[in-house]
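Only one structure is covered here, and it is reproduced in the block below.
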Amino acid sequence: MGYHDIYKSCQDNPEAYWLEQSKAIDWEEAPRQALFDKGNDLYEWFADAKVNACYNAVDRHVENGRADQVAIIHDSPITGTQTKITFAELQTRVAAVAGALQANGVGKGDRVIIYMPMVPEALEAMLACARIGAVHSVVFGGFASNELAVRINDCTPKAIIAASCGLEPARVVAYKPLLDGAIEQADHKPDFCLILQREQAPCDLTPGRDLDWHAAQKGTTPAPCVAVEGNHPAYILYTSGTTGAPKGVVRQTAGHLVALNWTMKNIYNVDPGDVFWAASDVGWVVGHSYICYGPLVHGNTTVVFEGKPVGTPDAGTFWRVISEHNVRSFFTAPTAIRAVKREDPKGEEIGKYDISCLRALYLAGERADPDTVIWAQEKLGIPVYDHWWQTETGYTIVGNPAGLEALPVKVGSPTVPMPGYDVQILNEAGEPQPAGTLGSIAIKLPLPPGTLPTLWNAEDRFRKSYLTTYPGYYETGDAGRIDEDGYLYIMARTDDVINVAGHRLSTGAMEEVLAGHPDVAECAVIGVSDPLKGQAPMGFVCLSKGVDRPHAEIAAECQQRVRDQIGPVAAYKMTLVVDRLPKTRSGKILRTTMVKLADAEPFKLPATIDDPAILDEIKSALQTIGYAKDA
């Protein structure tokens with residue numbers, strides 16, 4: 234069966250389809266029912282089952298002939314070290330960590346915050362929690378104390394697992410002072426902290442509260458796997474909310490396992506034993522789904538990479554890792570490829586490595602502009618698949634099911650909905666729109682397994698955030714259109730569709746035009762306040778390495794490109810050439826923050842911002858053309 238047949242069979246009978254897919258998971262008690270309707274648009278999957286996520290990710294592979302297969306490759310160009318851990322070794326290590334947690338009172342249902350860098354122990358901590366039924370909440374290592382305190386108060390952890398430090402290309406980030414500050418600020422206090430000492434910056438342990446990672450494991454009984462209900466939370470992952478307060482996305486265990494296991498072959502086209510690499514961080518959803526759980530549950534080797542796309546040491550580091558570790562499928566963010574392209578526009582670094590092992594590049598995390606996709610296609614000579622999903626869904630909403638049936642790539646589209654996702658374009662009245670019409674992207678309920686059933690301790694906020702705008706649908710917050718072949722085009726976040734003199738225009742469409750300029754490495758378009766038109770588009774462009782032309786000349790060419798390709802209706806007249814764009818640590822451009830800065834409106838500094846100093850550079854550029862006057 235090809236994609237269209239399978240998609241239809243899932244639409245016709247989703248329960249039968251997902252019950253069949255659930256057979257790939259090892260259950261303590263197999264599900265007898267797939268979907269549970271809790272009423273009022275709330276749903277759960279496989280709630281009657283009993284299962285353990287760690288057993289499926291680790292132990293079953295040891296028992297079924299993969300004991301000596303490498304489970305985790307840790308590659309750190311920052312320290313110059315590589316470590317390989319087999320499934321058998323991983324089982325021993327995870328059971329020991331879980332035993333230490335149990336010995337200190339952590340049990341099923343208790344929450345544990347994990348605050349760690351990209352080291353194997355971060356995955357061991359996640360799996361150790363899953364092993365004993367504890368609910369982990371990973372917070373990006375190095376997050377500010379006040380943001381960590383907010384998360385401590387929200388999920389009230391019994392324990393916090395942290396490292397003494399994290400490593401950046403040019404600096405060591407001490408985690409312990411940030412952790413101490415967070416606990417001091419928080420109303421809730423953990424019973425204890427488990428600290429991994431790294432040799433680059435060991436820390437002092439707080440007596441009576443802090444335990445050494447290795448010492449705490451000595452003399453304790455390795456923990457066996459504890460079966461939990463199918464709807465038991467595997468983890469809580471905080472994502473940014475429009476109010477500034479983070480939203481705790483809940484991931485339930487059984488649906489998570491079934492869905493992720495399905496994606497590894499059907500979307501990423503890897504077989505058990507293949508090496509899969511997602512160049513992300515355990516602090517993000519990609520790290521949960523595709524560094525930790527997805528690859529390991531499916532029996533793949535996963536790569537944990539402590540480095541950057543450029544600067545550790547150069548723009549060839551991705552290709553080195555792929556070559557050295559025989560990576561079959563590679564997943565990263567478009568912004569990472571743009572960084573590589575900006576540093577190495579001719580792709581000369583690629584030629585230094587044999588990457589013939591690589592079958593496809595997968596992009597997600599933000600819109601993949603056509604220029605970046607085309608560059609990667611040409612330089613790598615392999616398929617480049619954009620796919621679209623969210624922290625809330627945990628895996629692909631719309632993608633190219635390459636392992637099932639590789640569909641034709643349409644550059645600019647992440648392709649088609651995956652089984653279980655009924656994606657529709659709605660107008661402001663909630664009415665489905667015809668092909669080609671720009672509108673809000675919504676998904677008809679119920680969502681498939683593995684997606685969020687609610688927010689942690691915030692059901693009302695869950696409803697308000699996702700379910701109330703379009704009754705019967707999940708609101709994605711993105712805007713786009715679907716073409717006559719069923720391909721989706723993500724054009725912008727809903728709040729990035731701007732209204733210029735009554736015309737609704739997509740900033741994403743303008744970004745595509747600017748990105749096509751031969752000298753532009755990266756760009757962003759925002760809508761700023763305009764007294765005459767309501768809103769006016771403003772572009773920010775970063776130039777490729779080696780470009781040395783007058784900025785006014787490039788700005789004029791950008792204006793003409795938009796006029797030629799979108800039309801005078803866009804009223805595009807403002808282009809600022811800047812060195813960098815403000816981004817989150819996962820690479821998303823902070824467009825909303827840029828709008829508030831330009832319009833001199835107050836804003837809360839996003840917790841996830843990578844380098845706050847960039848905002849000062851953007852502010853200075855804005856002030857040269859009369860914006861950000863009072864910011």
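Residue numbers (this note's numbering): 234 to 864.
For glycine and all other residues, C-beta sits at the position ideal for the given N, C-alpha and C.
For Tyr348, the enclosing beta strand (DSSP E) begins and ends at 344-348.
As for any beta strand (DSSP E) of minimum length 3 sitting wholly inside the segment 544-618, the runs are 560-565, 593-596, ordered along the chain. The beta carbons of Val554 and Thr534 sit about 13 Å from each other, so the pair does not count as a contact at 8 Å. If one requires a minimum length of 4 residues, no alpha helix (DSSP H) run lies completely within the segment 297-328.
In this structure, DSSP gives Gly820 a state outside helix and strand, which the three-state scheme calls coil.
When Ser739, Asp281, Thr701 are compared, the shortest CA-CA separation from Val795 is found for Ser739. Scanning its chain for C-beta atoms nearer than 7 Å, with the 5 sequence neighbours on each side dropped, one finds around Thr684 the residues Glu625, Thr626, Gly627, in chain order. The segment 484-493 makes contact with the segment 679-697: 3 or more CB pairs, one atom from each, lie closer than 8 Å. Close CB contacts of Glu354 within its chain, under the 6 Å cut and outside five residues either way in sequence, are with Leu429 (chain order). For Met807, there is no enclosing alpha helix (DSSP H); the residue is part of the beta strand (DSSP E) that begins and ends at 807-810. At a Cβ-Cβ threshold of 9 Å, Cys426 and Leu360 do not count as neighbours. Rounded to whole angstroms, the separation of the alpha carbons of Ser255 and Asn633 is 22 Å. If you draw a straight line from the Cα of Arg431 to the Cα of Ala548, it is about 27 Å long.
Spatial neighbours of Val828 in its own chain (CB-CB distance under 6 Å, excluding positions within 5 residues in sequence) are listed in chain order as Ile759. For Arg484, the enclosing beta strand (DSSP E) covers residues 480-485. Pairing Asp844 with Asp781, the inter-Cα distance amounts to about 26 Å.
The C-beta of Gln450 has 16 or more other C-beta atoms within 10 Å across all chains shown, which makes the residue buried. Counted as a single uninterrupted DSSP element, the alpha helix (DSSP H) harbouring Trp251 occupies residues 247-254. Per DSSP, Leu776 is one residue of the beta strand (DSSP E) stretching across 767-776.
Secondary structure of Val515 (DSSP, three-state): coil. Comparing C-alpha distances from His620 to each of Arg344, Gly779, Ile723, Lys480 shows the shortest one belongs to Ile723.
Cys791: member of the alpha helix (DSSP H) spanning 784-798, first to last residue. The DSSP-derived three-state label of Lys498 is helix. The C-alpha of Ala675 lies about 38 Å from the C-alpha of Glu401. At the C-beta level, Pro310 and Gly540 come within 9 Å of one another. If you compare the alpha carbons of His489, Thr472, Pro479 with that of Pro466, the shortest gap goes to His489. DSSP places Tyr408 in the coil class of the three-state scheme, outside both helix and strand. Around Glu744, the same chain offers Asp602, Cys756, Ala757, Val758 as residues with beta carbons nearer than 7 Å, after the five sequence neighbours per side are excluded. Counting every other CB atom within 10 Å of its CB across the protein chains shown gives Gln768 a total of 16 or more, marking it as buried. Looking at the DSSP output, Leu529 sits in no beta bridge, so it has no partner there. Here DSSP, grouped into helix, strand and coil, assigns Trp260 to coil.
In the DSSP assignment, Pro353 falls within the unbroken alpha helix (DSSP H) covering 353-365.
In this structure Val372 is buried. Its beta-carbon is surrounded by 16 or more other beta-carbon atoms within 10 angstroms. Annotation for Ala662: no alpha helix (DSSP H) segment contains it, and DSSP assigns it neither H nor E. Nearest C-alpha to Ile847 among Ser762, Trp495, Phe773: Phe773.
If you check the CB distance, Ala597 and Pro616 do not come in under 9 Å.
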